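S.K.: Under this note's numbering, the first residue of the sequence shown carries the number 49, and numbering increases by one thereafter.
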Amino acid sequence: MREKSADELIDRLEKCVAEDAPLKREDLVMLPLCPLMGGTMPQKDRIRAAFAITREATTINPDEVRKIEAVIYAMADKFLESMDIEEIMEEIKMTRIGQKLVSAGIAEGLAEGIAEGEERVNRLTLLLLADKRYDDIEKASKDREYQRQLFKEFGI
């Protein structure tokens, strides 16, 4: 792979994008291999450019683009330091796979938050039942501020 130039590949594809020439799948399949190619461009810039180019691949099946982005992402993880990855996170977030990862993360976070909230309410209810504080159960289910006070009272 070292005999191929990442610089030339990226330059060619960036020219296509600048000239509004439609990109083809065949144009993109080499992008994930940029870290393995020769050239003078730093790895971080190669990865950043590869993600930027995939965002412009609107004429290619989105599933194919996501697969290519997934391999670029894997290569970034392998070849970049964590500090460099942090620097290109904005590029990653803007890709189709990045958007899927963010959406999945948000959905997972929401699910965890809901489960944690349900657990807190259930623990509070059980403690109030044990103390035979039935009126507090009813009031807490209707009044969020009162419920928060009870969470503090019971250290939940």
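Even glycine gets a Cβ: it sits at the ideal position worked out from N, Cα and C.
On a predicted model such as this, the values are computed, not experimentally measured, just so you know.
Rounded to whole angstroms, what is the Cα-Cα separation between L198 and A159?
M.R.: So the alpha carbons of these two residues sit roughly 24 Å apart.
S.K.: On the DSSP letters alone, give me the boundaries of the alpha helix (DSSP H) that S189 sits inside.
M.R.: From DSSP, the alpha helix (DSSP H) with S189 extends over 182-190.
S.K.: If we ignore side chains and look at the alpha-carbon of each, how far apart do S189 and Q195 end up?
M.R.: Approximately 7 Å, taken between the alpha carbons.
S.K.: Between C82 and I108, which are expected to be in contact by the criterion C-beta below 8 Å, what is the C-beta distance as a whole number of angstroms?
M.R.: Incorrect: roughly 18 Å between the Cβ atoms, too far for contact.
S.K.: Is the beta carbon of I95 less than 7 Å from the beta carbon of A69?
M.R.: No, the Cβ-Cβ distance between I95 and A69 is not below 7 Å.
S.K.: Going by Cα to Cα distance, which pick from E134, E129, F99, S130 is closest to E118?
M.R.: Inspection of the sequence shows that residue 118 is occupied by Ala rather than by Glu. Ranking E134, E129, F99, S130 by Cα distance to A118 puts F99 first.
S.K.: Indicate whether at least one CB of chain C lies closer than 7 Å to the CB of I204.
M.R.: Reference to chain C is not applicable here, since this structure consists of a single protein chain.
S.K.: Going by the beta-carbon positions, is the gap between V65 and E104 smaller than 7 Å?
M.R.: Taking 7 Å as the Cβ cut-off, V65 and E104 qualify as a contacting pair.
S.K.: Strictly by DSSP, which residues pair up with S53?
M.R.: S53 is bridged to G86.
S.K.: Please state whether the Cβ-Cβ distance between M85 and K52 is less than 7 Å.
M.R.: Yes, the Cβ-Cβ distance between M85 and K52 is below 7 Å.
S.K.: Mapping the DSSP letters down to three states, classify K126 as helix, strand or coil.
M.R.: The answer is helix: DSSP assigns K126 an H, G or I state.
S.K.: Is V65 helix, strand or coil when you go by DSSP?
M.R.: Helix.
S.K.: Sorted by chain position, which residues of the same chain lie with C-beta nearer than 8 Å to E134's C-beta, five sequence neighbours on each side aside?
M.R.: There are no such residues.
S.K.: My understanding is that I120 touches P80, with C-beta atoms under 8 Å, so please give their C-beta distance in whole angstroms.
M.R.: Going by Cβ atoms, the distance from I120 to P80 rounds to 5 Å, so yes, they are a contact pair.
S.K.: Among residues of its own chain, excluding the 5 on either side of D132, which ones have a beta-carbon nearer than 6 Å to its beta-carbon?
M.R.: Correct list, in chain order: K92.
S.K.: Take A97 as the anchor and find which of E164, E201, R60 has the nearest alpha-carbon.
M.R.: The option with the nearest alpha carbon to A97 is R60.
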